Amino acid sequence: MLDTLERNDSAGAAANAEHFDVLIAGAGISGIGSAYHLQQQCSGKSYVVLEMKDTFGGTWETHKYPGVRSDSDLYTFGYRFKPWVGAPIASADEILKYMGEVIEENHIGPNIRYGHRITGCSWSSADNRWTVEAVDKTGATKRFTCNFLWMCQGYYDHEKPYIPDWEGLNDYKGQFVHAQLWDPKTDYAGKRILVIGSGATAATVVPAFAEKAAHVTMLQRSPTYFFCSENKNELADRLREIGIDEPTIHRVVRAQIMYDQDMMTKRCQTEPEVVFEELKELVRAFTGKPDFEFEPHFTPKYRVWQQRLAFCPNGDVFRAAVEGKVTVVTDTIDRFTEKGVRTSSGEEIEADIIVAATGFRLSVMGDIPFSVDGKPVNWSDTVTYRGMMFTGVPNMAWVMGYFRASWTLRVDMMGDFVCNLLNHMDEVGAKRVDVQLRPEDAGMPLAPWIEEDNFNPGYLMRGLDKMPRRGDKPEWRHNQDYWAEKDQIPATDLTGAEFKYS
Ligand SMILES: Cc1cc2nc3c(=O)[nH]c(=O)nc-3n(C[C@H](O)[C@H](O)[C@H](O)COP(=O)(O)OP(=O)(O)OC[C@H]3O[C@@H](n4cnc5c(N)ncnc54)[C@H](O)[C@@H]3O)c2cc1C
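The sequence shown begins at 503 in this note's numbering and counts up one residue at a time.
Structural data, given as structure tokens:
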């Protein structure tokens, strides 16, 4: 089916809107993967990808701080359908190149409209379609209609990162920037840099800054677990050496990594102390310091499975600390001063540049206003079907990936799920699908999106009240468990009572 310019005069439908079977929001790794699966598995469907930026890549285009890279391996962060042929941990540029190849090899480019910021999505039950409004770069409002909306706009605000409400921030006379907004033209050679934070972003920028800066201080409220390793996969290297083809290597190495991660997750829960001791041993090996001191800066308070393990290639953070290029301070901020930051224990840390690596501002559905038959959607009034669909919001899916495993594993999995759903709707002649609580779900207790005890990154906890709610059965939760979902989701019975077709 070709894209058609359609005039729809029925009540509630948008006039002069371009119509597509499917509209994908966002050209990040989720949107591009979803477009690929749609083309492959629903080949007759017309679709468009609306992307507010001028190019694809999402996260990997937004972040430009020194050393920006993945902290998952690309054998699993890459798509299942396109072999990854490099070292497991990849720079943002390498990931963008990989995505560019996916777009080109599969002729996805002509379906993407760059510079289109979606500003509203409204569903009309009379027409069984969504009207999506977008503002293009000239400021003009464009209207699109679609039968199905595939939200791949990510989970955080790309323009406004999270900056705590620090006292005296305006008093600081040096340069203050959030890592998400780092300008790559910034000259930091010979400067004293203070990085506030200790998560994956801090773990990346701290050793990268240390290469050229006069000194780097990492000020953390609390320590993080680090996994030190060389950036290589021995199995992949060996298979390449003996002449195995890349698609086979990709498949086998993915299986190996996912198996190892599953074991690791289980061990983190059953023997966290042993795992922590192993993580420490890696630090000792990479720094060559058998007496490396882990107290107080490298002994986290949370349990090892509750947040993603921060990857540390060749122990770079620890080596920079041992070499005296990096100082770690574990304290809270009392206030900013003219010269830097004063901590709660009274120490003043002076810096020429302060970089906040304080995380994201959660953005539910891109903060885009949604309505169903004129009634605004309040996401916290909805219940999620497996973190993919939502009660009361028809013909729509949202790609929310994994955090402990690679995000993209869920992009592929949801690609299959959504395409199966669309094909099933065609088979039964349905124009609309809703997810609904079943009779056996009556009275099911509803709780916030995610169990704090299971997984608790700051940006999710800060915005939990804006998120859809979950139930206590697998169908009504996003459990972040790839190893359970890899069997459950493909086995979904689309004729089940949780799906209502009309
Ligand atoms: C520095 C960094 C490193 C990370 N490393 C890893 C890792 O190693 N492994 C891992 O699994 N995860 C990692 N993550 C998490 C990462 O964000 C996800 O894995 C993944 O990249 C998200 O992809 P996405 O396409 O869903 O969303 P995004 O990358 O956020 O892309 C969403 C796209 O939608 C567009 N968009 C948003 N709103 C609108 C709108 N209103 N209209 C039109 N377009 C819109 C955006 O411009 C963007 O291009 C990392 C995150 C960061 C910030």
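The C-beta atom is built at its ideal place from N, Cα and C for all residues, glycine as well. Quick caveat, the model's predicted, so the values are computed rather than measured.
When C-alpha distances from H609 are compared across Y804, A628, Y538, the shortest belongs to Y538. Per DSSP, Y538 is not a residue of any beta strand (DSSP E); the alpha helix (DSSP H) it occupies stretches across 531-543. One thing to note: R972 has its Cβ no nearer than 8 Å to the Cβ of R964. In its chain, beyond the 5 residues on either side, I605 have a beta carbon closer than 6 Å to the beta carbon of G611. Taking C-alpha positions only, E563 is separated from S572 by approximately 12 Å. For H680, the shortest separation between its Cβ and any heavy atom of ligand 1 does not lie below 7 Å. Within its own chain, the residues whose Cβ lies closer than 8 Å to the Cβ of V708, once the five positions on either side in sequence are excluded, are V697, V718, M720, V819, A822, V828, listed in chain order. Boundaries cannot be given for A993, as no beta strand (DSSP E) includes it and DSSP labels it neither H nor E. At a threshold of 7 Å, I531 counts as near ligand 1, since its beta carbon sits closer than that to one of the ligand's heavy atoms. Relative to ligand 1, the nearest heavy atom lies less than 7 Å away from the CB of R619. The DSSP assignment places 935-937 as complete runs of the beta strand (DSSP E) inside the segment 904-953, in order along the chain (cut-off: 3 residues). Under the three-state reduction of DSSP, Y887 is assigned to strand.
Look at the beta carbons and you see the segment 862-876 not touching the segment 683-701: under three pairs across the two are nearer than 8 Å. Between G617 and K639, the CB-CB gap stays under 8 Å. Residue environment for T994: buried (at least 16 other C-beta atoms within 10 angstroms of its C-beta). In the structure shown, A812 adopts extended strand secondary structure according to DSSP, grouped into three states. Considering only R740, C648, F729, the residue with the shortest C-alpha distance to E783 is F729. Residue burial is scored here from C-beta neighbours: T726 has at least 16 other C-beta atoms within 10 angstroms and is therefore classed as buried. For D573, the shortest C-beta to heavy atom distance toward ligand 1 is below 7 Å.
Close CB contacts of A529 within its chain, under the 6 Å cut and outside five residues either way in sequence, are with V551, E553, F558, I614 (chain order). The segment 835-847 makes contact with the segment 669-683, as at least three CB pairs between them are under 8 Å. With the rule of 3 Cβ pairs closer than 8 Å, the segment 801-816 counts as touching the segment 767-785. Cβ contact annotation for P802 (same chain, cutoff 7 Å, sequence separation greater than five): S724, P725, T726, Y727, in chain order. If you draw a 10 Å sphere on the C-beta of K644, you find 16 or more other C-beta atoms in it, and that means buried. In the DSSP assignment, Q771 falls within the unbroken alpha helix (DSSP H) covering 748-772. Ligand 1 has a heavy atom closer than 7 Å to the beta-carbon of L552. Counting every other CB atom within 10 Å of its CB across the protein chains shown gives P590 a total of 16 or more, marking it as buried.
In the three-state scheme derived from DSSP, where H, G and I count as helix and E and B as strand, Q682 is classed as helix. In terms of side-chain proximity, the C-beta atom of F729 is found no nearer than 7 Å to any non-hydrogen atom of ligand 1.
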